[in-house]
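Since the structure comes first, as structure tokens, the remarks are kept for the end.
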Ligand SMILES: [Zn+2]
């Protein structure tokens, strides 16, 4: 066994342990894979708890999923991993887990598409939800295919989340980022509102990506030359994949957008043309906040 292979086996064990410790997976959930040279993959086996793996448990397959080495069979979600490697030659590793808060968003059908945290915008941009598909069938890679060319991380409807990276830890850290972002988004929405980062600032973050050395395929903001809508992103050569972008508000500074714009319960109510209706109490709170911020200036 090469040094590289034994190091990658140890890294998969470590990532699995962290995923289980952070409750991103329960029981035998989740799976991890990494490229081993140009035409092979090293992958977690099926039916093992990711918190208690050992390096010898891993399987080696070719890029078509044929097992080349290992006492155990590869992950039941292998087809989803193969699809990612086929669509993204730049990707070296794939991580799949069921982190509870992010999966809650995936169950509720709410994508993480609001411009809220600068770090998330630069690394992942908008986080879409791939359509529901039966786990371990070929429907799941089909659902993932729609977004994977443009996104390094996505939610899987009524299932979990998927992240990819240029190395194993990069893919894993994106899973951490998604769960952390989902947790913060949930807290903000429970508090009743989210202050969105304005478009000017989002565009500036998009430019800074290069400076930070971040190569995320999806643009953060819509391409102004395309008609507006969730797919209005700029894509690379193929153009066949769908890209979800954030809808950042115009205007300087932060803008208050109550959660009711999504038509959910909470502060106020919005009708079709985007008008926000607030109760007297909510309106008083907003005025109080505004007066306070004016005094601070
Ligand atoms: Zn799963």
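Numbering (this note's numbering), first residue to last: 42 to 338. Using N, Cα and C, we set each Cβ at its ideal position, and we do this for glycine too.
Cβ neighbours of residue 142 within its own chain (closer than 8 Å, five residues either side excluded): 220, 223, 224, 227.
Inclusion of residue 127 and residue 211 in the CB contact set at 9 Å is not warranted, their separation being larger than that value.
Contiguous alpha helix (DSSP H) elements confined to the region 145-181 occur at 159-164, taking only those with 4 or more residues. Taking a contact to require three or more Cβ pairs closer than 8 Å, the region 174-184 and the region 115-129 qualify as touching.
Beta-carbon to beta-carbon, residue 111 and residue 100 are separated by about 4 Å, close enough to satisfy the 8 Å threshold.
Of all alpha-carbon atoms in 181, 102, 217, 173, the one lying nearest the alpha-carbon of residue 149 is that of 173. For residue 50, same chain residues with a beta-carbon under 7 Å away, outside a window of 5 residues either side, are 83, 96, 99 in chain order.
Set against 8 Å, the gap from the CB of residue 122 to the closest heavy atom of ligand 1 is not smaller. About 5 Å separates the beta carbons of residue 171 and residue 185, which is inside the 8 Å limit, making them a contact pair. DSSP assignment within the region 95-126 yields the following whole beta strand (DSSP E) runs of 3 residues or more, N-terminal first: 100-103, 108-110.
Judged by DSSP in its simplified three-state form, residue 231 adopts helix. From the listed residues 283, 287, 213, the smallest Cα separation to residue 237 is found for 287. Annotation for residue 108: 100, 101, 102, 114, 115 place their beta carbon closer than 8 Å to its own, counting only its chain and skipping 5 residues before and after. Per the Cβ contact rule, the region 188-197 is in contact with the region 255-262 (3 or more Cβ pairs under 8 Å). At a threshold of 8 Å, residue 260 does not count as near ligand 1, since its beta carbon sits no closer than that to any of the ligand's heavy atoms. Collapsing the DSSP output to three states places residue 287 in coil. Following the DSSP letters along the chain, one finds residue 73 inside the beta strand (DSSP E) bounded by residues 72-76.
Counting only the Cα atoms, residue 72 lies some 10 Å from residue 56. By the C-beta density criterion, residue 166 is buried, having at least 16 other C-beta atoms within 10 angstroms. In the DSSP annotation of this structure, the continuous segment of the alpha helix (DSSP H) that includes residue 48 starts and ends at 44-62. Relative to ligand 1, the beta carbon of residue 172 is positioned no closer than 8 Å to any heavy atom.
Distances taken from the Cβ of residue 197 to the heavy atoms of ligand 1 include one shorter than 8 Å.
Per DSSP, the beta bridge partners of residue 86 are 115.
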